[in-house]
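J.: The structure is given below, and queries will be raised subsequently.
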Amino acid sequence: MYIGYMGDIVFAVSAYHMLTPTKFEREASGRWAEHNLLLRKPVSQFGGPGLEKLSFSIILDDDHGIDPASQLKKLRKMRDMGAVFPLVIGGRPVAQNSWRLDSLKEGDCYWTVDGQLQQCIVQITLTEYEEGNQTEEKAITLSYGSNNGAESSVLGGD
317 MYIGYMGDIV FAVSAYHMLT PTKFEREASG RWAEHNLLLR KPVSQFGGPG LEKLSFSIIL
377 DDDHGIDPAS QLKKLRKMRD MGAVFPLVIG GRPVAQNSWR LDSLKEGDCY WTVDGQLQQC
437 IVQITLTEYE EGNQTEEKAI TLSYGSNNGA ESSVLGGD
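Under the working numbering, the sequence shown has 323 at position 7, and the numbering climbs by one with no breaks.
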């Protein structure tokens, strides 16, 4: 069953494939400025909403039909090239804007006797990317604008 995608990383569950986000957390806040006044308390001014942040983990496990090394390579490339991409879960975008990959934390990694990566848990931190930034910054969007039909190849479709 297709769950969603983050750039080229497809979240799905089937009889031979499982890659889903877990420990999903979302954080957002408003932007406030404090203006100091002489002999009075500061005056607060609302500057608008802040950028949202997401964090979640994924388990890359060969026993779940996932090639951990190739998925880690994709994730590192997205992080290192400053890729901006949509995050879709349940058929809907998680936010109206795209996301950037701020950090990856790899842990609990296990290798086979011949040195192949068997399993790795990856903690992912994303920050919302305001689309208006593209006029000032030419971020690399690569092919992350769509899932390119990846869910059908993962689930055994045409």
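Each residue gets a CB set at the ideal place from its N, CA and C atoms; glycine is no exception. Since this is a predicted model, take the numbers as computed values, not measurements.
1) Where does Glu444 land, buried or exposed, given buried means 16+ other C-beta within 10 angstroms?
2) Near Ala411, what residues of its chain come up, given a Cβ to Cβ distance below 8 angstroms and the 5 sequence neighbours on each side ignored?
3) Given Glu422, which residues of its chain have a CB within under 6 angstroms of its CB, disregarding the five upstream and five downstream residues?
4) Does the structure place the region 341-352 close enough to the region 368-384 that three or more beta carbon pairs sit under 8 angstroms?
5) Please state whether DSSP places Glu447 in a helix, a strand or coil.
6) Can you have a look at Tyr321 and say buried or exposed, based on whether 16 or more other CB atoms are within 10 angstroms of its CB?
T.: Let me spell this out:
1) buried
2) Glu368, Leu403, Glu444
3) Cys436, Val438
4) yes
5) helix
6) When all chains shown are included, Tyr321 counts as buried.
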